[in-house]
Each structure stands twice: as C-alpha cells, then as structure tokens.
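Asker: When we follow the working numbering, the leftmost residue of the sequence shown carries the number 10, and every step to the right adds one. Provided herewith is a single structure, encoded as structure tokens, for subsequent inquiry.
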Amino acid sequence: MTIETKITEHLKQKENGNGEKKYSSKDFSSDQDVRWCPGCGDYTILKQVQKTMPEIGVDREDIVFISGIGCAARFPYYMDTFGMHSIHGRAPAISTGLKVSRPDLSVWIITGDGDSLSIGANHFVQLLRRNVDVNLLLFNNQIYGLTKGQYSPTSPEGSTTKSTPFGSIDHPFNPLSLSMGADGTFVARTMDRDPRHLQQMLQRSHQHKGTSMLEIYQNCIVFNDGAFELFTDRKTRPREAIYLEDGEPLVFGKDNEKGIRLDGLKPEVVSLEDGGYSKEDLWTHDEGDKTKSYLLSQFFDAPAPGETQMPRPFGVLYAVERPCYDEGVNHQIDAAVEQKGQGELDNLLQGPETWEIK
C-alpha cells in the first residue's frame, strides 16, 4: 500500500451525524501479520491500545507511534496510524523533534526495558525532565527477548540468563523510582493481563498534559515466563497487588481486609478485620504528593530483615502539571518571529560573519 493510498483512506473516514470522525478498534488494526511469539504479552497490549484509540477523541491521521528496537518495537507496523520504527534507544529524541514541529499530533512512544533503560537511558530521563507532551509506554518483561534471553536493566539480582549463567550481580533499575527521580510529571504502572485496568491507564496517559510514563508488566513466554505471575494470577493478585485510586485509602486483599498506614514516613501493613484499625486510619492516596508517591514506588525491592513485604502498586502513582518543553520552544519561536520577522534559511545558514575569498 502506497503512502498516497494510506492518506486517501485516512481522509475517507466515515463520519457520524455531528460531522466528527467515528472509529472502531478495527480502524486501528493494520493489514500486517502480527509476528510475536504465541502467548506473548504484547498481543493483549496491542489489542487494548487499538480498543482505546477510538475513545481518546483524536483523528487517526493525527496519531503517531514511534518505537526503538526490541520485540515491542514492531508495534507501529500493527497500528493503522502514522508511525516510525526508529533506532535503539532514540525514540524519545525523535518523538521530541516531532512534537515540537507538530504540536497538534498525539505522539506515543513504544519502548522496552532494554531499549529505554540501557542504551536509551539518557534519552529516557531527558524526556521526563523536559516534560515533552508525549505518551511513553514502557513494556517491561525483565529480559532481552529479541536477542534471545540475556538479562536486562530490570532483571532481578541473581537472574540466571544466557548472559549471566551464574546469576546476575547487577542491581536492577526500578522504573517508577527512576521516573520520579527524573522529575516525571506522570508515573503509572499496569499489566498486560488486566485488560480493563490497562485501558484505564492508557486513557489517563492520553489525558495528561506532559510526558506520561506508563510501565506495563509484559510476560515474555519464551525467555522469562511467569516473571509477574504473583501480580497477574487471580489467586495471588489480591494479596500481592494493590490498586491505587486518588483520594481513596490503600486497601488490598481478597475482601479488602488489609490496609497500609503510615507510621511517620514508614509504611506498614495492618489488618482491618480484628477491629484494631479502620479505613480512617489508613494512608489515603494523593497523586499530587511527591514524597508519598515516591514511597509507593519503593514497594518494589525485597524487604529488609524483619520487615513486611509490601504489595506491588498499580495505577497512577504521581500526576502533576508543569509547563511542557514543546510549548516552550514554540513560544520562543513565535516571539522571535514577532520581534525579528520570519527570516530566511540561506541567511540563517550563512550567519552574520561571512566573507568572499578572491
């Protein structure tokens, strides 16, 4: 299919009675064969993204998916939108340039833990601190899948892989804590095996003005199967995962019989069944509280001796508003044009200090 044909099809989208374009998930499914391993978590992420796109209220021709390198990086081929399969770790840089030059576009970055937290780590943190108005989906399977099973920057210590046959001695990145440390303005987590929650987090990511960083636990069925089973299995999920709701107390368990309270700044798990504590005693989640959001991001590592294992948080940990980099750049450009005029490219390239050699 030629680019001219694709553009024509985009412009021929069916319209509803209000003159607005109406889409279904099928409108976002390309004609390319999906080439992931059977059972890969990427399939359900793709499906939920295709279901969510019609709900965000953006024309299909104004949506762009940009990826780096890795299994997840095939994503743009399977979305019937504009997109780009870029180079290793540089999707944030390319997306920044696109958003600055075309602020009207809805830009989505597709990346993996190997792509964005190793060779692309610098670009990852620069994107977050600049707060470019794009959406980053971090597929985290704690392994290198495309290159056949080496340990990644998020693999737990002791992981036995093809590149660490005696166990990894590297301490892994905690993507949410890293994002908080880089002054990210939207930090959230979801998982491939909870489609409804995944859709909700995709919608929240789109609604955020600034860089939204959504970590998605994604199962690699070949090289790291079951890495997140404690959180995805219906039997263990109630006691191992906690779903965050802004303004609501932190409760979890099969019957919400457990909660988390703060003793100063030290979180502790308490029971709501024995009458010792009630929901009024619990920690109430506040997406705008950076200190408490960072504490939540630390519900990650194994507890110290004598401490209780905390449930893994899912949902929006932190969300605040801050000026966006792309808007700032365009404001400067508008001010320069107003002050000095449009300018000419040849004069800009020559600069004020040019001379002729005779």
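Beta carbons: idealized from backbone N, C-alpha and C, even for Gly. For clarity, every value in this text was computed on a predicted model and none was experimentally measured.
Report the partner residues of Asn149 according to the DSSP bridge assignment.
Answerer: If you number the sequence shown from 1, residue 149 lands on position 140. Tyr226, per the DSSP bridge assignment.
Asker: On a CA-only basis, which of Val196, Asp242 and His217 is nearest Asp203? Give me that one, please.
Answerer: By 1-based counting over the sequence shown, the position of residue 203 is 194. The option with the nearest alpha carbon to Asp203 is Asp242.
Asker: Could you give the first and the last residue of the continuous beta strand (DSSP E) run that contains Met93?
Answerer: Taking the first residue of the sequence shown as 1, we reach residue 93 at position 84. Phe91 to His94 is the extent of the beta strand (DSSP E) around Met93.
Asker: Under 8 Å: do the region 310-326 and the region 344-363 share three or more Cβ pairs, one atom per stretch?
Answerer: Verdict: no, contact absent.
Asker: Counting Cβ pairs closer than 8 Å, one from the region 102-114 and one from the region 179-191, do we hit at least three?
Answerer: No: fewer than three Cβ pairs fall under 8 Å.
Asker: If you run the structure through DSSP and keep just helix, strand and coil, what is Asn144?
Answerer: On the sequence shown, position 135 is the one that residue 144 refers to. Looking at Asn144 - three-state DSSP - the assignment turns out to be strand.
Asker: Check each candidate in Ile75, Lys288 and Trp364 and name the one with the smallest Cα separation from Tyr266.
Answerer: What you label residue 266 is simply residue 257 of the sequence shown in a count that begins at 1. The sequence shown places Glu at residue 266, not Tyr. With distances taken between Cα atoms, Glu266 lies closest to Lys288.
Asker: By a C-beta neighbour count over all protein chains shown, 10 Å radius and 16 as the cutoff for buried, is Pro8 buried or exposed?
Answerer: What is shown of the chain runs 10 to 367, which leaves residue 8 out entirely.
Asker: According to the neighbour-count rule (16 or more other Cβ atoms, all chains shown, within 10 Å of its Cβ), is Pro162 buried or exposed?
Answerer: The residue given as residue 162 occupies position 153 in the sequence shown. Answer is buried; the Cβ neighbour count reaches 16.
Asker: Opposite Met88 in the DSSP bridges: which residues?
Answerer: For the purposes of this step, residue 88 is taken as the residue at position 79 of the sequence shown. Paired residue(s): Ser38.
Asker: Determine the direct distance from the alpha carbon of Asp272 to that of Val67, and round the result to whole angstroms.
Answerer: By 1-based counting over the sequence shown, the position of residue 67 is 58. By 1-based counting over the sequence shown, the position of residue 272 is 263. Each residue's alpha carbon lies about 45 Å from the other.
Asker: Here's the rule: buried if 16 or more other CB atoms are within 10 angstroms of the residue's CB, otherwise exposed. What is Glu365?
Answerer: In the sequence shown, residue 365 corresponds to position 356, counting from 1. Glu365 is exposed by the Cβ-count criterion.
Asker: Is it right to say Glu389 is buried, meaning 16 or more other beta carbons lie within 10 angstroms of its own, or is it exposed?
Answerer: This structure gives no information on residue 389, because the portion of the chain shown stretches from 10 to 367.
Asker: Using a threshold of 8 Å, state whether the C-beta atoms of Ala372 and Phe148 are closer than that.
Answerer: Within the shown structure, residues of the chain are numbered from 10 to 367, placing residue 372 beyond reach of any answer.
Asker: Tell me, which residues are paired with Pro258 by DSSP?
Answerer: Working through the sequence shown from its first residue, we reach residue 258 at position 249. Thr293.
Asker: Strictly by DSSP, which residues pair up with Phe323?
Answerer: As a position in the sequence shown, residue 323 is number 314, starting the count at 1. Phe323 pairs with Tyr252.
Asker: Which residues in the same chain as Ser115 place their Cβ atom closer than 8 Å to its Cβ, once the five residues preceding and following it in sequence are excluded?
Answerer: Position 106 of the sequence shown, counted from the start, is the residue given in the question as residue 115. Ile65, Val67, Asp71, Ile72, Val73, Asn144 and His215, listed in sequence order.
Asker: What's the C-alpha gap between Asn131 and Asn140?
Answerer: For the purposes of this step, residue 131 is taken as residue 122 along the sequence shown, with counting starting at 1. For the purposes of this step, residue 140 is taken as residue 131 along the sequence shown, with counting starting at 1. C-alpha separation (whole angstroms): 14 Å.
Asker: Classify Arg198: buried if its beta carbon has 16 or more other beta carbons within 10 angstroms, exposed otherwise.
Answerer: Position 189 of the sequence shown holds residue 198. Classification of Arg198: buried, given that the 10 Å Cβ count is 16 or more.
Asker: Quick one: what's got a C-beta closer than 7 Å to Gln307's C-beta in the same chain, skipping five residues either side?
Answerer: Here residue 307 refers to the residue found at position 298 when the sequence shown is read from its first residue. Taken in chain order, the residues that qualify are Ser186.
Asker: Can you tell me whether Leu81 is helix, strand or coil according to DSSP?
Answerer: For this step, residue 81 is matched to residue 72 along the sequence shown. Strictly speaking, residue 81 in this sequence is Ala, with Leu absent from that position. DSSP places Ala81 in helix when its eight states are reduced to three.
Asker: One question on the structure: do Leu136 and Gly79 come within less than 8 Å of each other, judged by their Cβ atoms?
Answerer: Here the question's residue 136 lines up with position 127 in the sequence shown. Here the question's residue 79 lines up with position 70 in the sequence shown. Their beta carbons are not under 8 Å apart, which means Leu136 does not touch Gly79 by this criterion.
Asker: Report back the beta-carbon spacing between His97 and Asp122 to the nearest angstrom; my notes put them in contact at under 8 Å.
Answerer: The residue you call residue 97 lines up with position 88 of the sequence shown. The residue you call residue 122 lines up with position 113 of the sequence shown. Not a contact, Cβ separation roughly 13 Å.
Asker: Report buried or exposed for Ala328, applying the criterion of at least 16 other Cβ atoms within 10 angstroms of its Cβ.
Answerer: Start at 1 with the first residue of the sequence shown, and residue 328 comes out as number 319. The residue is buried, with at least 16 neighbouring Cβ atoms inside 10 Å.
Asker: CB-CB under 8 Å to Glu249, same chain, minus the five flanking residues each way: which ones, in chain order?
Answerer: As a working note, residue 249 is residue 240 in the sequence shown. Cβ within range, chain order: Leu239, Phe240, Pro320 and Arg321.
Asker: Give me the Cβ distance between Leu211 and Thr61, rounded to the nearest whole Å; I'm assuming they're in contact under 8 Å.
Answerer: Here residue 211 refers to the residue found at position 202 when the sequence shown is read from its first residue. Here residue 61 refers to the residue found at position 52 when the sequence shown is read from its first residue. Right, their Cβ atoms sit about 4 Å apart.
Asker: Taking the alpha carbon of Thr293 as the point to measure from, which residue in Pro332, Ile251, Gln208 and Val196 has its own alpha carbon closest?
Answerer: For the purposes of this step, residue 293 is taken as the residue at position 284 of the sequence shown. Checked all of Pro332, Ile251, Gln208 and Val196; the closest Cα to Thr293 is Ile251.
Asker: Along the chain, which unbroken stretches of the alpha helix (DSSP H) at least 4 residues long are found entirely within the region 168-217?
Answerer: Counting only runs of 4 or more, we get 184-190 and 204-216.
Asker: Let me know if Gly352 comes out buried or exposed under the rule of 16 or more other beta-carbons within 10 Å of its beta-carbon.
Answerer: The residue given as residue 352 occupies position 343 in the sequence shown. With fewer than 16 Cβ atoms within 10 Å of its Cβ, Gly352 is classed as exposed.
Asker: Using the C-alpha atoms, what's the distance from Thr53 back to Thr208?
Answerer: Position 199 of the sequence shown holds residue 208. Position 44 of the sequence shown holds residue 53. Note on identity: in this sequence residue 208 is Gln, with Thr being the wrong assignment. Taking the straight line joining both Cα atoms gives about 11 Å.
Asker: Can you tell which of Phe84, Cys49 and Asp51 has the C-alpha that lies nearest to the C-alpha of Phe369?
Answerer: Absent from the structure is residue 369, since the part of the chain shown begins at 10 and ends at 367.
Asker: Please name the residue in Pro181, Pro247 and Met222 whose C-alpha comes closest to that of Pro311.
Answerer: Within the sequence shown, numbered from 1, the residue matching residue 311 stands at position 302. Reading off the sequence shown, one finds Ala at residue 311, where the question assumed Pro. Checked all of Pro181, Pro247 and Met222; the closest Cα to Ala311 is Pro181.
Asker: With DSSP as the reference, label Pro276 as helix, strand or coil.
Answerer: Taking the first residue of the sequence shown as position 1, residue 276 is located at position 267. Looking at Pro276 - three-state DSSP - the assignment turns out to be strand.
Asker: Report the CB separation of Thr194 from Gly219 in whole angstroms; it is logged as a contact under 8 Å.
Answerer: Within the sequence shown, the letter at position 185 stands for residue 194. Within the sequence shown, the letter at position 210 stands for residue 219. Contact flag correct, Cβ pair sits at about 4 Å.
Asker: Quick check on Thr300: does DSSP put it in helix, strand or coil?
Answerer: Here residue 300 corresponds to residue number 291 of the sequence shown, with the count starting at 1. Thr300: helix per DSSP, three-state reduction.
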